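Undergrad: I have a structure here, written as structure tokens, and I will follow up with some questions on it.
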């Protein structure tokens, strides 16, 4: 009986500690205006504006709803639509003062790549094996100067995509 109570307490403590959620530290110089893109349910699409080795803006889609844009709509636009049951499980890239290159990778092995690699590398991924990208944040001043990722386990009951 004591083991059951102890196991229940440990499970409750782990859940309260946010084991299903994790946040990566921001990369980049971090100057300028702050942004946060988040929504309800799973991310179903990503847009990235870029030119040369500069990333200018981001937009995320949750279900059928596109978020506000973070940054500027400058340069080329890459639009990446996720398949059913596909989620973003890794974000990699490079940065110097600005974010120069970025790659969003899914659990199905597909990816969106924008920009040109130069500078220091970064690799962001969740701590929990069933977590997925749910929020991006950072700063922009002309181009994107900061990028961070937040991960969470998202149940389908919270999904506004109607799956």
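In mature numbering (1 follows the signal peptide of the UniProt record, and there is no 0), the protein residues as written are -16 to -1, 1 to 147. We treat Cβ as the ideally placed atom computed from N, Cα and C, and that holds for glycine. Quantities reported herein were computed from a predicted structural model and do not represent experimental measurements.
Measuring only the C-alpha atoms, how far is residue 163 from residue 77?
TA: Residue 163 falls outside the range modelled here, since the chain spans only -16 to 147, and no answer is possible.
Undergrad: Is the separation between the beta-carbon of residue 99 and that of residue 8 shorter than 8 Å?
TA: Against a cut-off of 8 Å, the Cβ pair of residue 8 and residue 99 comes out as no contact.
Undergrad: Spatial neighbours of residue 108 within its chain, please: C-beta separation below 6 Å, excluding the five flanking residues on both sides.
TA: The answer, listed in chain order, is 8, 75 and 133.
Undergrad: Cα-Cα, which of 11, 65, 13 and 41 is closest to residue 27?
TA: Measuring from the Cα of residue 27, the nearest candidate turns out to be 65.
Undergrad: Assuming residue 42 and residue 136 make a contact with CB atoms under 8 Å, what is their CB distance in whole Å?
TA: About 18 Å; that fails the 8 Å criterion.
Undergrad: Which residue wins for smallest C-alpha separation from residue 93, given the options 69, 13, 130 and 55?
TA: Considering only alpha carbons, the answer is 69.
Undergrad: Rounded to the nearest angstrom, what separates residue 30 and residue 115 at their Cα positions?
TA: Their backbone Cα atoms lie some 18 Å apart in a straight line.
Undergrad: Buried or exposed: residue 129, going by 16 or more other Cβ atoms within 10 Å of its Cβ?
TA: Buried, by the Cβ-count rule.
Undergrad: Measuring CA to CA, which of 13, 32, 126 and 79 is closest to residue 63?
TA: Of the listed residues, the one whose Cα sits closest to residue 63 is 32.
Undergrad: Who are the Cβ neighbours of residue 102 in its own chain at under 8 Å, not counting the five residues just before and after it?
TA: Within the same chain, residue 102 has close Cβ partners 37, 78, 80, 84 and 85.
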